[in-house]
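Numbering (this note's numbering), first residue to last: 5 to 566. In what follows, a structure is listed as structure tokens, so that the remarks can point back to it.
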């Protein structure tokens, strides 16, 4: 049957895309519309002459049929992107019939038929790929009608995908338990579960106003902790019967689940706390952070091996580092819920208020207790504030770029373990001041002397003292520390002391605004004069740039208080 009235070029492109007997290069002609759709301006699009419903239905149907059997992954992706763009611009007014979206209904039916015995093995993968792109488009909608429409179709999609995911994970478990009769099928299954997880994450986060109240979500959420722990353990052990590609895919499953957990904590904080086993989940993440800390930071400068050419140990992010960062971000999200609950202008039902109060109480009583706060602070300061070999290598190779990046990374703390650790430390020191400040000062007084040459640990402690300046102003005699330690220390000419010189400039920039009228100005000026001396070989480019930047922060408050 021929196409309805539409351009002959479009019809030809659609026929080419659906004809699998043609070579892959010919299919690129079919892919041209997807490139055009990805650049469409929705405002301009809405003003164009509208296609008839018959043409729209025929176009979408042909695109779906072609995408389901497309063997080339790249072309399948572009086809899925085109379908998603079409549905995004038409959703929900153009394709809602009795509140049931025809396009989504068809995709859901295709998913069901894809898991039936005898189905084309490619069909499920392609159905999931198309649905992923559609859900990506719809889940980012900010307009109320789009959000409400997406929430109407999320529950059914979620149930379908959750069943597919669980079935495929069980198939994967059989392989890991020694059933190697279907290795190729297991690889295909693990690729499919990864796509399913990406869709499920968006459905749970954007498809439910209160996901914690939905029974299906609660059951799946409890399952994710078990699966997350299993995926992490498999990635660590790297079983001999699994190749590296398979193990890498397992690690990606752990990453996807961590994204789900973190997104829930950020977008639905009260719901996160009230979902089953969420506190246990956070504690499991903290165990990963603790494990990462054992190998992440070193207090011995000699262990950071940097060759004459600037080469250092590889700094590629491992799975444990990625999950460790997610763990720190998760703790920050919990701290925000407990200590800085978001105020909203949106009308809240009594149930919403009760849930928020219960969540805050739960986090405070079962997670952020005093002993745990002390444990977190100690690990952050001694392990995650410390410079790594890659930091020092970049310091030497690209001093200006490195200094600028260090200045800017504080605003992009979600992507840096050290910056995120600093933010979390500040959250804790403010809200556990009475218990954390004495312990911090006790360690500080033990190490903060010119006679102690543990440069990396001292740099970490000085960083903590600077971040906590507002909490320490009444308990730390900074002038005494300035005279007894900082002035002698900036004059030491030994390897590695450029690290402490940079930190001294930052430390002064943090403390002067807190106590501008009480600090020893003359001593502070002499320190900056010394740090800006280009003839001193220890004052490398990073030290001088940092000193100049911090001097500006120091001079402002002092001038105001003259």
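Quick reminder that beta carbons are idealized off the backbone N, C-alpha and C, glycines included.
Per DSSP, residue 290 is one residue of the alpha helix (DSSP H) stretching across 282-300.
DSSP places residue 76 outside both helix and strand once states are collapsed to three, so it counts as coil.
Minimum Cα-Cα distance from residue 522 among the listed residues 545, 536, 532, 483 corresponds to 483. The DSSP assignment places complete alpha helix (DSSP H) segments of no fewer than 4 residues inside the segment 381-465 at 393-401, 403-412, 421-435, 437-451, in order along the chain. Here residue 274 has 359, 360, 363 as same chain residues with Cβ atoms under 6 Å from its own Cβ, once five neighbours each way along the sequence are excluded. For residue 159, the enclosing alpha helix (DSSP H) begins and ends at 148-180. The shortest CA-to-CA distance from residue 197 to any of 373, 259, 240, 220 is the one to 259.
The way I'd put it, the segment 430-442 does touch the segment 370-382; three or more beta-carbon pairs between them come closer than 8 Å. Separation of the CB atoms of residue 487 and residue 527 is rounded to 6 Å, and the pair is thereby assigned contact status at 8 Å. Membership of residue 346 in any alpha helix (DSSP H) is not indicated, and neither H nor E is assigned to it by DSSP. With respect to residue 507, residue 535 sits apart: the two C-beta atoms are not nearer than 8 Å. Between residue 490 and residue 558 a beta carbon distance of about 13 Å is seen, past the 8 Å cut, so the two are scored as non-contacting. No Cβ-Cβ contact shorter than 8 Å links residue 421 with residue 470.
Rounded to whole angstroms, residue 178 and residue 227 show a C-alpha spacing of 17 Å. In this chain, the alpha helix (DSSP H) harbouring residue 222 covers 219-241. Judged by their CB atoms, residue 215 and residue 208 are nearer to each other than the 8 Å cut-off.
If you draw a straight line from the Cα of residue 84 to the Cα of residue 111, it is about 12 Å long. Taking the C-beta atoms as reference points, residue 320 is found no nearer than 8 Å to residue 549. The alpha-carbon separation between residue 443 and residue 280 amounts to approximately 34 Å.
Taken atom to atom, the span from the alpha-carbon of residue 234 to that of residue 284 is near 15 Å.
Judged by pairs of C-beta atoms under 8 Å, the segment 405-424 does not touch the segment 450-463, as fewer than three such pairs exist. Between residue 213 and residue 125, the beta carbon gap of about 37 Å keeps them out of contact (Cβ cut-off 8 Å). In terms of Cβ geometry, residue 169 and residue 123 do not form a close pair [threshold 8 Å]. For residue 533, the closest alpha carbon among the candidates 130, 503, 494 is that of 494.
Per DSSP, reduced to three states, the secondary structure at residue 120 is coil, with no helix or strand assignment.
Out of 370, 428, 219, the CA that lies nearest to the CA of residue 335 is found in 428. Following the DSSP letters along the chain, one finds residue 138 inside the alpha helix (DSSP H) bounded by residues 125-143. Membership of residue 370 in the alpha helix (DSSP H) is indicated by the continuous run 354-370. Counting only unbroken stretches of 3 or more residues, no beta strand (DSSP E) element lies wholly within the segment 456-531.
Annotation for residue 95: no alpha helix (DSSP H) segment contains it, and DSSP assigns it neither H nor E.
A distance below 7 Å between beta-carbons, with the five flanking residues on each side excluded, links residue 155 to the following residues of its chain, in chain order: 211, 212, 213.
Straight-line measurement puts the Cα of residue 291 at about 15 Å from the Cα of residue 388.
The DSSP-derived three-state label of residue 244 is coil.
Residue 189 counts as exposed, since fewer than 16 other C-beta atoms from the protein chains shown sit within 10 angstroms of its C-beta.
When the alpha-carbon of residue 220 is set against those of 271, 166, 245, the nearest one is in 166.
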